[in-house]
Every structure is written in C-alpha cells, then in structure tokens.
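Chemist: Chains as they are written, first to last, in our numbering: chain A, 145 to 217; chain B, 145 to 217.
A virtual CB, placed ideally from N, CA and C, is assigned to each residue, including glycine.
Predicted, not measured: the structure shown is a model, and the values here were computed from it.
Encoded as structure tokens, here's the structure I'll be asking about.
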DNA sequence: AGTATTTTTATCATTTATGATAACTAGCCA
DNA sequence: TGGCTAGTTATCATAAATGATAAAAATACT
C-alpha cells in the first residue's frame, strides 16, 4: 500500500463518514456537487487522488470546512 | 475570477509564504518534493488545481501539516 | 557594469482526474 | 415474484494535472 493510496482511502472514508453522519444519500451528495453518483462512489472507495477544488466542493455541500476533510492526514 | 482560481491562488500564496518563511529556495523545495522547479513555480503562481497528494508532499517537505496548506480556504 | 542565482513563463508529452453511461449487487417492501 | 432505492464496479472519452525541457526575466552579489 502506497502513501498515496493510504491518503486516498483515508479521505474517502472521511467523506463517507461525514455524509452518513448527516444522513445524506451518496447520490444526493453527488447531485449537490454536480458529480455523477458513480464518481462519488469511486472517490469514497479511495480510487481517486482528488484535486483540492473537488474536495472543496464536497466540503461545501457537506456543510463542513475543507480542513475537516484533511485533518490529521 | 472563479472560485477555482481563487482557491488555486490562495494555496499558491500559502506555499510561497511558508517556503519563504523558512528560507527555502523554490528550487530546493521542488527538488525535495521531486518536482521540477518550473512546476513548483506554476503551482505557487496559482496555475494548477493540485491534487491532495501533491499538497501532502509539499506539506511534508515544508515540515508543516497538510491542514496548514488549506486552513481557512 | 557584469555574473551567478533564483524565479517565472512557455511549451510539449504523458499520466490521471473527472465526466459520462451502463450494468450489476444488495436490501427492502408490497 | 417483481419493482424500487442505494450503492458499486467497469469502461470509455475528455479535460487537466503533472513531468520534462528550454529560455526569459528578475534578483542578488562582487
């Protein structure tokens, strides 16, 4: 497992946890972000090294701060 | 100016400020990160929407936390 | 002045994030 | 059983991040 993969997986988990804690469906978050639900699944699964702007959009729609997505990572 | 550009520029400034505060030459930081100096300049100028892993590498070599690069953004 | 160092800019190639669509799985319920 | 919802996985196209090189511009130093 590489550092990069570890980071991707950690961020995917963070997004998923925050999303579920707010009872938002994956497809609803995706729609709010103007992403396809498949691509949100891909990110939550840790299969993409997202850009900072993508993370900012997700943070905004989760109503959290960008730092909350990368804290302790 | 778009949200995306604003974010890129803010992060570029953040990297540059942290780097200069530690008296590290741009090319030295680039070398430590295994980036070309030209690409580090591009990022500091706000011309790229960096991936989270790229930012993590930069944070590591600046000896700061990843959150320090995205705080308040 | 000049010279070296550092930074910036431009450009092209390659890799990869993202966009987009479809098919599949699992769970739930009428 | 069938349909419905939520999530997953695979795949292809496109846009953009990154790799890489060269040259110009700025900065510092003697």
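#1: Let me know if residue 180 of chain A comes out buried or exposed under the rule of 16 or more other beta-carbons within 10 Å of its beta-carbon.
#2: Near residue 208 of chain B, which residues of its chain fall below 7 Å by C-beta distance, leaving aside the five closest residues on each side in sequence?
#3: Keeping to the same chain, check which residues put their C-beta closer than 7 Å to that of residue 153 of chain A; ignore five residues upstream and five downstream.
#4: On the premise that residue 205 of chain A lies in contact with residue 173 of chain A, defined as a C-beta separation below 8 Å, what is that separation, rounded to the nearest angstrom?
#5: Does the beta-carbon of residue 184 of chain B have 16 or more other beta-carbons within 10 angstroms, so that it is buried, or is it exposed?
Modeler: Answer, in terms of the structure:
#1: exposed
#2: 162
#3: 190
#4: 6 Å
#5: buried
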